[in-house]
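Q: Following this message is one structure expressed as structure tokens.
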Amino acid sequence: MNNQNNFIMDEIDPDLAERIDAGRRNLFARYAAPSIALGSAPLLLAAASTEAFAAGGLPQKVVDVLNFALTLEYLEAAFYKTGNNTAGLIPAKYKGLFRTIGQHETAHVALLKGALGAAAVKAPKVDFTAGGKYADVFSNFATFATLSATFEDLGVAAYKGQAGNLAGTAVLTTALQIHSVEARHASAVRPLIGKAGFDGAFDKPKTKAEVLAAATPFLA
Amino acid sequence: MTDAILSRRLVLKWTGVASTLAVAGSLLPNFGISAALAADLGAGDIGVLNYAYALEQLEAAFYTQVVKTPYKGITKSELSTLTAIRDHEVEHRDFLKKALGAKAIPGLEVDFSAIKFSSRKSVLGTAEVFENLGVAAYNGAGQLIKNVDYLAVAGSIVSVEARHCASIAELIGGQSRKAAGAGHVDAKGLDGALSPAQVLPKAAPFIKTPVTANSLV
């Protein structure tokens, strides 16, 4: 890091700077750890529905990031699909909000799957009760909204944490375009559980390990 | 063709400053910028950070005025949200200014004559425009940033801008489809991403500091 970098990093709140440093260190851990990607075959992009991604092969590191993102998007899409299809769960005045969010998550799944082609991981089996902890997730709107806000905030932090891994690649912009949509969702849902839409001026990233630890209880 | 002309106009000459700084000028490799001028611009990342700094200045000035002269009939809750957003934008502005140090562009003079600060509709409508423009600007600028630490900083700001978009949409229309991003998120579930050449003309009407294309002619 040159002096200029140090300068900008010093200005970030210490916690954030620490997270960013941790993220950088984790780059090495990530290379050493087994990938969650099931397929590692050389990838050729399916040309059709993937204009947002540049055509051509993707480096393995990018494939890993996209599969990580896809796993979260599967989780979110399944969550809203069930929620939106459960009669009596979502109050009428919030139906438009959650339908729109669900449409976006479903679109993210399609986009990432299209980009990954044969290298895409399969949809995980999900348990939104997290082993019974949230048994009323689809019968109590407060629980549903709480998990929605949790998933959206997690998604924001997850994409943010991977931006560095996508730097210099054709998919960075697309990932950023998904990242800010997740942030819109988080901010739209949080007031339903009595929270402001935001937590301060700078959002913090989460590492892949942190995100997976938070998501694992919902994977059956 | 049109893009090239636009881009030329967008190389900003900050009046009163001896050296000319083109915002994100390094992004315009195909538009005939001379090597001599390009050298003037400094590192590409500095140009991008100054671009962000300009937009944050605009937002901070706007919300500062909004909180100073609240619109008619503002509720406590609305003022509280708008004050929080002001604080964020001021933090973003000050952070970027400090980070840029001597390389920061000067403080911009703003022109808010088109905004009726006494009108809820005018204020929230303008806030919606600024926040969504900010999100698209950061999304589009990410790929131009070389240093991953700067990218992390931009990432930590852009999602807060996106959160603001939802908060403003809620003030306008409640927890609606628009709060989730409808109207700004496309059928693929993607948010906007605009280049500096697309963003600056939208911001220009609100910036009094003269912007000319002389530096490229």
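Sequences listed follow chains A and B, in order.
So the first sequence is residues 1205 to 1424, counted in this note's numbering.
So the second sequence is residues 461 to 677, counted in this note's numbering.
Just so you know, even glycine gets a beta-carbon here, dropped at the ideal spot from N, CA and C.
1) Under a CB-based cut-off of 8 Å, is A:THR1411 close to chain B?
2) Under a Cβ-count criterion, where at least 16 other Cβ atoms within 10 Å of its own Cβ denotes burial, should A:SER1391 be classed as buried or exposed?
3) Since B:LEU611 meets chain A, which of its residues come closer than 7 Å, beta carbon to beta carbon?
4) Just checking, does the region 1404 to 1411 of chain A make contact with the region 1354 to 1373 of chain A on the three C-beta pairs under 8 Å criterion?
5) Which residues does DSSP pair with A:ALA1319 in a beta bridge?
6) Closer than 7 Å, Cβ to any Cβ of chain A: which residues of the region 548 to 568 of chain B, in chain order?
7) Between A:PHE1402 and chain B, is any beta-carbon pair separated by less than 8 Å?
8) Figure out for me which residue from A:ALA1417, A:HIS1389, A:LYS1412, A:THR1310 has the closest Cα to the Cα of A:ALA1353.
9) Measure from the alpha carbon of B:GLY585 to the alpha carbon of each residue in B:GLY561, B:PHE522, B:ALA614, then state which is nearest.
10) According to DSSP, is B:VAL477 part of a helix, a strand, or is it coil?
11) Compute the minimum distance between the beta carbon of A:SER1384 and the heavy atoms of the ligand NAD, and state whether it is under 7 Å.
12) Against chain B, with Cβ distances strictly below 8 Å, would A:LYS1326 count as a contact?
13) Taking the DSSP output, what are the residues bridged to A:LEU1423?
14) In the DSSP output, what is B:ALA642 paired with across the bridge?
15) For the pair the region 607 to 626 of chain B and the region 503 to 515 of chain B, tell me if three or more CB-CB distances fall below 8 Å.
16) With the cut-off set at 8 Å, would you say A:LEU1279 and A:VAL1330 are in Cβ contact?
17) Does A:THR1354 have its Cβ less than 8 Å from a Cβ in chain B?
18) Give the DSSP-derived three-state secondary structure of B:VAL570 in the structure shown.
19) Please state the DSSP three-state secondary structure of B:VAL483.
20) Using a Cβ-Cβ distance cut-off of 8 Å, determine whether B:GLN658 contacts chain A.
21) Considering only residues of the same chain and omitting the five flanking positions on each side of A:GLY1359, which have a CB-CB separation below 6 Å?
22) Considering Cα atoms alone, identify which of A:PHE1272, A:VAL1269, A:VAL1393, A:GLY1261 is closest to A:PHE1345.
23) Excluding five sequence neighbours on each side, which residues of the same chain lie with their C-beta closer than 6 Å to the C-beta of A:PRO1421?
24) Identify whether A:ILE1382 lies in helix, strand or coil by the three-state DSSP scheme.
25) Give a yes or no on whether the minimum CB-CB distance between B:LYS662 and chain A is below 8 Å.
26) Please list, in chain order, all residues of the same chain as A:LYS1317 whose beta carbon is under 7 Å from its beta carbon, the five residues on each side excluded.
27) Give the residues of chain D in contact with A:LYS1297, contact being defined as C-beta atoms less than 8 Å apart.
28) Does chain B have any CB closer than 8 Å to the CB of A:GLY1287?
A: With the structure as the only source:
1) no
2) buried
3) ALA1367, GLY1368, ALA1371
4) yes
5) Answer is none; A:ALA1319 lacks a bridge partner.
6) HIS548, GLU551, HIS552, PHE555, LYS558, ALA559, GLY561
7) yes
8) A:HIS1389
9) B:PHE522
10) The predicted position of B:VAL477 is uncertain, since its pLDDT is 34 and thus under 50; a value taken from the coordinates is nonetheless stated next. Reduced to three states, the DSSP call for B:VAL477 is coil.
11) What this structure holds is no ligand at all, so the ligand NAD is not there to describe.
12) no
13) A:VAL1330
14) B:VAL645
15) yes
16) yes
17) no
18) strand
19) Note that B:VAL483 scores 43 on pLDDT, short of 50, meaning its location in the model is unreliable; the coordinates nonetheless yield the value given after this. Three-state DSSP puts B:VAL483 in coil, outside helix and strand.
20) no
21) LEU1276, GLU1386
22) A:VAL1393
23) ALA1334
24) helix
25) no
26) LEU1274, ALA1324
27) In the structure shown, chain D cannot be found, because the protein chains are A and B.
28) no
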